[in-house]
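Chemist: Structure incoming, see below.
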Amino acid sequence: QLLCSALLLFLLCCAYGCAAAAVVKPLPEKGQGAWDAYTVAVEDTKSEDGWEPIRIGVYPGGVSVWIKSCANMRAPTFGRSIHSYCSGGYRITPEKVQMLNDIVAEGAKMHSDRLRVKRVKGRLFLDKNGGKDFKKNCPNAVARLDYLQKGFPNVDFALFVGPTVTREHPKICTKDDKKRPTSALIKVNTKEFMPTRYYFRLAAHDIGHGLGFDLDVFKEHSLMREIPLHLGWVIAVLESNIVKEKVREHYGCPDISTMELEGRDKGHLFENYVFYPHIKRHFAKDELMSTDLERPSGMYYTNLTLAVFDSMPFYKADFSRAETMSWGRKAGCGFIKGKCVEWGISRFPDMFCVDESYDLHCTTDRTALGKCSLQFLPWDYVQSEFNYFPRYPRGSAYSDWMDFCPAIEPTFETSCEFGYEREMPGSIVSSTSRCLKVDFVRLRNKGVMSNVKGICAEVKCENGTLKVRYKGNKNWYECPEGDSIDNINGSVFDDGRILCPKYADVCTK
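Here the sequence shown stands for residues -21 to -1, 1 to 488, where the numbers follow mature numbering (1 follows the signal peptide of the UniProt record, and there is no 0).
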């Protein structure tokens, strides 16, 4: 019998300072490790209409089984060889499993804070079709036999976690009679993760697919349709009343009613859709469920993603918990229907760049520094509708998924959270750092790049007031929107000023 022992608070570094992701852990039974199962804690709220925060149980048995396998130097009956996870950078250790649990718990909590369901009465059973769906869809998901037989206690959704040495798509394992996903499997690269904001949100992205941001779910609930374009091309869009309301609200355009998904094809997308469904990156670059390119990103949980979940009959979204995203916000109909650049001039300079220098600028999500992705492209590479420059075809790479629109793109080396300060003159790398634009900056060290357009500085968000601390100075300075911190100086800077951003661009909910 499982007895709930306590609320364990894992202190996790989130966007601004430290936040606590609470989990409820049962007492380990014989043969279990301390990492075998936990439930992400939710607010104890009573709802008159029966909708309550979703309870997500996390079952990292697919990871912990490797702890035992490595100890015995004997591979489990599935998966890779013993050397994949028992040696080198991918080696699984108890400390690494604990860190992984923290990351998954924080990612799951982002959803349990925002999504409500009609809770499961009693235990959650995954035995629909005699358990065949679970075994067929997620053969590598490791679940306790007694849970499979007697049900999972006190949860509405079971999240199984396993290891990988690459990047694998999440899989929905089971659904209930209303076709709500009730379990899913996500896999985490055991070499490339750390307890930082980016990896919390990468976990939330994958969990989002498991909860129903999925092609089959869209089809089952008639949320997706295809729209023919010229020359036989077809795109896929999501459509519902709440999606229409929220896209119009975000983009400030009364003429749009759908949310475009990534990718286009010729023929019928319903039959040939090869993309894992994401919101089109060109229009929602910094959104949680936009196309993930495995580079630093804000991944904001905005009204756009909430609208998609709210369109499903088994979820109610708490829109008061939506985060803000500057990308495309109130940009107007031209942002969706027009070109990003015309005749070499950016129509939206806050988002699209035409800078041919190698200067480092702040990304739009303020999580990193980056360079303009503008480059020369082969003559036969760009379709005429994406030709934004006269004479020569130029734009961003196809792999940026931006319809060739150039934007400031970051690298892991220039992340404010876990990059390298040597790559970003005048910057502080920390979990509380965000990118701020600067002007007329002179660095004291003349041996480094002097043409600085942005720096990573520590920020604090306190009751609507943004405070900033920059490198070489121990003091915190208030930074009101539209103002600046002038005459910056200290051990790093001789002069210059920091341009204060909009509070909402740095301090999300």
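Just so it is clear, CB atoms sit at the ideal spot from N, CA and C, and this is done for glycine as well.
Whole angstroms is fine: what's the gap from V226's alpha carbon to T487's?
Modeler: 19 Å
Chemist: Is it buried or exposed for G10, if we count other Cβ within 10 angstroms and need 16 for buried?
Modeler: Per-residue confidence for G10 stands at a pLDDT of 44, beneath the threshold of 50, marking its modelled position as unreliable; the derived number appears in the next sentence. By the neighbour-count rule (16 or more Cβ atoms within 10 Å), G10 is not buried but exposed.
Chemist: Would you report the Cα separation of A183 and T284, rounded to the nearest angstrom?
Modeler: Roughly 12 Å between the two C-alpha positions.
Chemist: Just the Cα atoms here: how many angstroms apart are E74 and P142?
Modeler: 14 Å
Chemist: Thinking just about the alpha-carbon of each residue, which of T343, Y280, W322 is nearest to the one in S305?
Modeler: T343
Chemist: Answer with buried or exposed for W358, where buried requires no fewer than 16 other C-beta atoms within 10 angstroms of its C-beta.
Modeler: exposed
Chemist: When DSSP labels each residue in this structure, what does K114 get in the three-state scheme?
Modeler: K114 carries a helical assignment under DSSP once its states are collapsed to helix, strand and coil.
Chemist: What does a CB cutoff of less than 6 Å around S236 pick up in its chain, not counting 5 residues either side in sequence?
Modeler: K223
Chemist: On the premise that I151 lies in contact with I165, defined as a C-beta separation below 8 Å, what is that separation, rounded to the nearest angstrom?
Modeler: Their Cβ separation, rounded to whole angstroms, is 11 Å, which puts I165 and I151 out of contact at 8 Å.
Chemist: I need the straight-line Cα distance from D271 to F262, nearest angstrom please.
Modeler: 13 Å
Chemist: With C-beta atoms as the reference, is V99 less than 9 Å away from V140?
Modeler: no
Chemist: Thinking residue 489 and R274 are a contact (beta carbons under 8 Å), I'd like their distance in whole angstroms, please.
Modeler: No answer is possible for residue 489: it lies beyond the span of the chain, which begins at -21 and ends at 488.
Chemist: Between which two residues does the alpha helix (DSSP H) holding R227 run?
Modeler: 220 to 230
Chemist: What beta strand (DSSP E) runs, 3 residues minimum, are completely inside the stretch 378 to 404?
Modeler: 387 to 394
Chemist: Between the stretch 94 to 110 and the stretch 33 to 48, do at least 3 Cβ pairs fall closer than 8 Å?
Modeler: yes
Chemist: Secondary structure at Y360, three-state DSSP: helix, strand or coil?
Modeler: coil
Chemist: So which of C414, A215, L181 has the shortest CA-CA distance to K439?
Modeler: C414
Chemist: Alpha carbon to alpha carbon, how far is G231 from D484?
Modeler: 17 Å
Chemist: Less than 8 Å between the CB atoms is what I'm expecting for A137 and Y38, so what's the real figure, rounded?
Modeler: 6 Å
Chemist: Can we say the stretch 341 to 356 touches the stretch 378 to 389, given the rule of at least three CB pairs closer than 8 Å?
Modeler: yes
Chemist: Please give me, in chain order, every unbroken run of the alpha helix (DSSP H) with length at least 4 that falls completely inside the stretch 77 to 107.
Modeler: none
Chemist: How about H340 and K432: do their beta carbons lie closer than 9 Å?
Modeler: One thing to note: H340 has its Cβ within 9 Å of the Cβ of K432.
Chemist: Got a sec? Which residues, its chain only, sit under 8 Å from V408 by beta carbon, not counting five neighbours each side?
Modeler: S394, C395, E396, F397, G398, Y399, E400, C435
Chemist: Determine the DSSP secondary structure at N168, reduced to helix, strand or coil.
Modeler: strand
Chemist: By how many angstroms is the C-alpha of L181 removed from the C-alpha of G110?
Modeler: 29 Å
Chemist: Decide if S43 is buried, meaning its Cβ has at least 16 other Cβ atoms within 10 Å, or exposed.
Modeler: buried
Chemist: Going by CA-CA distance only, name the one from V447, A20, W45 that's closest to I71.
Modeler: W45
Chemist: Taking its Cβ as the centre, do 16 or more other Cβ atoms sit within 10 Å of Y360, making it buried, or is it exposed?
Modeler: Counting every other CB atom within 10 Å of its CB across the protein chains shown gives Y360 a total below 16, marking it as exposed.
Chemist: Does the stretch 291 to 300 come into contact with the stretch 82 to 96, if we say contact requires no fewer than three beta-carbon pairs (one atom in each stretch) closer than 8 Å?
Modeler: Contact between the stretch 291 to 300 and the stretch 82 to 96 is present: 3 or more CB-CB pairs across the two stretches fall below 8 Å.
Chemist: Pull up the distance between the alpha-carbon of T153 and that of L210, whole angstroms please.
Modeler: Separation of T153 and L210 (C-alpha to C-alpha, rounded to the nearest whole angstrom) is 39 Å.
Chemist: Could you name the residues of the same chain whose beta carbon sits closer than 7 Å to that of E402, not counting the 5 residues immediately before and after it, in chain order?
Modeler: E392, T393
Chemist: Work out the CA separation of E335 and F314 for me, nearest whole Å.
Modeler: 23 Å
Chemist: Would K481 and M381 be called neighbours here (beta carbons separated by less than 9 Å)?
Modeler: no
Chemist: Using a Cβ-Cβ cutoff of less than 7 Å, which residues in the same chain neighbour M330 once the five nearest sequence positions on both sides are dropped?
Modeler: W306, T343, A386
Chemist: P149 and H90: beta carbons closer than 9 Å?
Modeler: no
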